[in-house]
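In what follows, a structure is listed as structure tokens, so that the remarks can point back to it.
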Amino acid sequence: MGNDTLSFLDAGFLETEDSDRHASLTIGALAVIEGPPPDQKEFRDAVAERLLDLPHARDKLRTAPLDVSAPSWTEDSNFDLDRHLRRVAIPNPGEEEALFGFVARVMGHRLDRDHPLWECWVVEGLSGDRWAMLAKLHHCMADGITGTRLFEAMCDEVEPTIDPAADSSGPDRPAHQPPPAPSISTLLSPSHQCELLETILRAPLTIARAGLGAGRGLARLLTEMLTSSSDTSLIGPIGKQRRYRGARTRMADVREICAAYGVTVNDVALAAITGGLRTLLLRRGEHPDAHTVRTLVPVSVRSANDDAESLHNQVSLMLPFLPVDIEDHVEQLTAVHRRMSAHKAGKEAQGGKVFTTLAQSGPFMPLAWALRLATRFPQHSVVAVATNIPGPQQTRHLLSRRIVDIFPYVPIALRLRVGIAILSYADNLTFGLTGDYDTTPDLADLGTAIEQGVSSLLTAARLETAGSQS
Numbered sequence: 001m002g003n004d005t006l007s008f009l010d011a012g013f014l015e016t017e018d019s020d021r022h023a024s025l026t027i028g029a030l031a032v033i034e035g036p037p038p039d040q041k042e043f044r045d046a047v048a049e050r051l052l053d054l055p056h057a058r059d060k061l062r063t064a065p066l067d068v069s070a071p072s073w074t075e076d077s078n079f080d081l082d083r084h085l086r087r088v089a090i091p092n093p094g095e096e097e098a099l100f101g102f103v104a105r106v107m108g109h110r111l112d113r114d115h116p117l118w119e120c121w122v123v124e125g126l127s128g129d130r131w132a133m134l135a136k137l138h139h140c141m142a143d144g145i146t147g148t149r150l151f152e153a154m155c156d157e158v159e160p161t162i163d164p165a166a167d168s169s170g171p172d173r174p175a176h177q178p179p180p181a182p183s184i185s186t187l188l189s190p191s192h193q194c195e196l197l198e199t200i201l202r203a204p205l206t207i208a209r210a211g212l213g214a215g216r217g218l219a220r221l222l223t224e225m226l227t228s229s230s231d232t233s234l235i236g237p238i239g240k241q242r243r244y245r246g247a248r249t250r251m252a253d254v255r256e257i258c259a260a261y262g263v264t265v266n267d268v269a270l271a272a273i274t275g276g277l278r279t280l281l282l283r284r285g286e287h288p289d290a291h292t293v294r295t296l297v298p299v300s301v302r303s304a305n306d307d308a309e310s311l312h313n314q315v316s317l318m319l320p321f322l323p324v325d326i327e328d329h330v331e332q333l334t335a336v337h338r339r340m341s342a343h344k345a346g347k348e349a350q351g352g353k354v355f356t357t358l359a360q361s362g363p364f365m366p367l368a369w370a371l372r373l374a375t376r377f378p379q380h381s382v383v384a385v386a387t388n389i390p391g392p393q394q395t396r397h398l399l400s401r402r403i404v405d406i407f408p409y410v411p412i413a414l415r416l417r418v419g420i421a422i423l424s425y426a427d428n429l430t431f432g433l434t435g436d437y438d439t440t441p442d443l444a445d446l447g448t449a450i451e452q453g454v455s456s457l458l459t460a461a462r463l464e465t466a467g468s469q470s
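Last residue of the sequence shown? That's 470 in UniProt numbering, and every number before it is there in order.
What follows is the structure in structure tokens.
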């Protein structure tokens, strides 16, 4: 598939957004930066130099009537950089609560599909002589890992790793025009029907090549998607408005916990989220059980053989239950580690990749219609999303100014009222919390509980280490 055509997974984010009138499926990163903000010309020049040669920075979507073919990218003949660069100042005293409120408002609005699907905001007025940059792009353009690569392209230390010649973005290159969408008569032709039959007949072979374990993983994943979770206020209809909050932890503390209990950074993050959600539910007067919080955990399925410069979404998922029925933080961590290990051994992520591979090789129109129909039915299985994104390991600078923090943003849709993105950056592990405005007025309490969960685990880890050394 050429770089100008969206993969089925890429297009799936568009189909999902179209199916949920209250969803805005955009991902983002909020960088808090020390020092005075750049003037508009300095910022504009930096974006023009560092971002506009990246794939699809100048491209808009081209869709076919009735989804007879996958969407594709084509150059926006009316491209205007200033349309995508915004500037705002938050009111004095420039507290983070106001900054996070601004992020919620911006990310809750859908991007204009008549133009390239990204925006970049400068936010002035933060306390402590700081400013912020909010980068926003549609999920159909990139997954979290690719989004981080694109964000790093803006930094002083890192040159863009994506070859601009691989796509139509530069001003001196003719635009790639995707092939015309097939007509209805083409889709109904005998040759196309033969291709459809061949795809169906090839499906068992695709599963066989992936391995028996992946096939079982796919079956397990589909079963979990169709199994309801226990009733909880965390799932239900959502509105258009969003809430957003950030939480911070020290990576050194997280690694200390990992060393004490033999777990991963992701285990610690999910355990902290578990404790936070349990606290939230108890304060709401609910009694969480073992099947209350099934969580969608995206998993990168990029392999060493995959094109490192590909912008296509390459993610699968696992659907573990978080142990919100357990009170003790260490026992929560142990349970999270055990469950994540079991889901990995069950090859759910590989099963999800088999599904997207099959979908990719099939005709787009019936699959797109089926996806849109499926997403219109209210789902009762997944309660929250928690995605872990590896960020820069070293401190980065933007326009010679040090980036202090980076907070990620993950969208919510399809009755999920809470989304949590986790991002590692330098010495910090940050959490970006997205909530439905009407049903999560206590989102800030969740952020505080996550920070307290890591603190409790650190205290226990130090006691564990001291006991083993005595």
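The beta carbon of each residue, even a glycine, is placed where N, CA and C say it ideally should be. Bear in mind the structure is a predicted one, so any value in this text is a computation, not a measurement.
Beta carbon of residue i nearer than 8 angstroms to that of residue j
| i | j | result |
| --- | --- | --- |
| ALA271 | GLY128 | no |
| SER7 | HIS380 | no |
| LEU25 | ALA374 | no |
| MET133 | ILE257 | no |
| GLY125 | ARG220 | no |
| LEU150 | LEU54 | yes |
| ILE27 | VAL410 | yes |
| ARG44 | LEU81 | yes |
| LYS60 | HIS115 | yes |
| THR148 | GLY362 | no |
| ARG58 | GLU75 | yes |
| ASP325 | PRO288 | yes |
| residue 480 | LEU280 | The structure shown does not extend to residue 480, since the chain is modelled only from 1 to 470, so the question has no answer here. |
For residue j and residue i, believed in contact at Cβ under 8 angstroms, the rounded distance
| i | j | result |
| --- | --- | --- |
| PHE321 | ALA290 | 6 angstroms |
| LEU137 | TRP118 | 4 angstroms |
| SER99 | VAL123 | The question names Ser, yet the displayed sequence has Leu at residue 99. About 6 angstroms separates the two Cβ atoms, so the contact holds. |
| GLY217 | GLN350 | 5 angstroms |
| HIS56 | MET154 | Not quite, the Cβ-Cβ distance comes to about 16 angstroms (not below 8 angstroms), so this is no contact. |
| GLN469 | ALA426 | That belief does not hold up - the Cβ atoms of GLN469 and ALA426 are roughly 29 angstroms apart, past 8 angstroms. |
| PRO323 | THR356 | So it is not a contact: roughly 29 angstroms between Cβ atoms. |
| VAL297 | LEU317 | 6 angstroms |
| ALA260 | THR465 | 5 angstroms |
| GLU157 | SER233 | That belief does not hold up - the Cβ atoms of GLU157 and SER233 are roughly 44 angstroms apart, past 8 angstroms. |
| SER229 | HIS329 | Actually they are not in contact, since the Cβ atoms of SER229 and HIS329 sit about 22 angstroms apart, beyond 8 angstroms. |
| ASP143 | VAL315 | 5 angstroms |
Neighbourhood of residue i by C-beta distance below 6 angstroms, restricted to the same chain and skipping five residues each side
| i | result |
| --- | --- |
| PRO38 | LEU399 |
| PHE407 | LEU30, GLY246, THR430 and GLY432 |
| ILE145 | SER300 |
| ILE235 | VAL383 and ARG415 |
| GLY35 | ARG401 |
| GLU15 | ALA368, LEU371 and ARG372 |
| PRO93 | SER127 |
| ALA89 | GLU124 and GLY125 |
| PHE13 | LEU25, HIS139 and CYS140 |
| MET225 | SER381 |
First and last residue of the uninterrupted alpha helix (DSSP H) at residue i
| i | result |
| --- | --- |
| PRO298 | No alpha helix (DSSP H) contains PRO298, which is instead part of the beta strand (DSSP E) from 295-300. |
| PRO366 | 364-376 |
| residue 489 | Within the shown structure, residues of the chain are numbered from 1 to 470, placing residue 489 beyond reach of any answer. |
| ASN266 | 265-283 |
| ALA11 | 8-19 |
| PHE43 | 40-50 |
| LEU322 | First-last for LEU322: undefined, no H or E at that position. |
| SER341 | 329-345 |
Nonlocal neighbours in the same chain, by C-beta distance under 7 angstroms from residue i, ignoring five residues either side
| i | result |
| --- | --- |
| ASP267 | LEU333, VAL336, HIS337 and MET340 |
| ASN388 | ASN266, ALA269 and ILE422 |
| ARG243 | ALA104, GLY435, TYR437, THR440 and LEU443 |
| ALA210 | A caution first: ALA210 carries a pLDDT of 49, below 50, which makes its placement in the model unreliable, though a value can still be read off. Around ALA210: GLN350 and VAL354. |
| GLY239 | HIS22, ASP436, TYR437 and ASP438 |
| GLN40 | ARG87 |
| ARG278 | PRO288 and VAL324 |
| THR227 | SER381 |
| PRO378 | ARG415 |
| GLY2 | Caution is warranted here: a pLDDT of 45 is assigned to GLY2, below 50, making its placement in the model unreliable, and the coordinate value is therefore given only provisionally. Counting only Cβ-Cβ distances below 7 angstroms, and skipping sequence neighbours, we find nothing. |
8 angstroms CB neighbourhood of residue i in its chain, flanking five on each side removed
| i | result |
| --- | --- |
| GLU159 | Here GLU159 scores only 49 on pLDDT, less than 50, and its place in the model should not be relied on; the value that follows carries that caveat. Closer than 8 angstroms at the Cβ level, and outside the excluded window around GLU159, lie ALA153. |
| THR223 | none |
| ALA11 | ALA70, PRO71, CYS140, PHE364 and ALA368 |
| GLU17 | ALA23, SER24, LEU25, ARG110 and ALA413 |
| GLU327 | ARG278 |
Any non-hydrogen atom of the ligand COA within 7 angstroms of residue i CB
| i | result |
| --- | --- |
| THR274 | In terms of ligand content, the structure shown is empty, and the ligand COA therefore cannot be addressed. |
Opening and closing residue of the beta strand (DSSP E) in which residue i lies
| i | result |
| --- | --- |
| LEU111 | Per DSSP, LEU111 belongs to no beta strand (DSSP E) and is neither H nor E. |
| GLY453 | Counting along the chain, GLY453 falls outside any beta strand (DSSP E), though it belongs to the alpha helix (DSSP H) covering 443-469. |
| MET133 | 130-138 |
| SER72 | 72-75 |
Test: residue i CB closer than 8 angstroms to a CB of chain D
| i | result |
| --- | --- |
| GLY12 | In the structure shown, chain D cannot be found, because there is only a single protein chain. |
*Contact between the segment 16-25 and the segment 61-72 (3+ Cβ pairs under 8 angstroms)*: No: the two stretches stay apart, fewer than three of their Cβ pairs being nearer than 8 angstroms.
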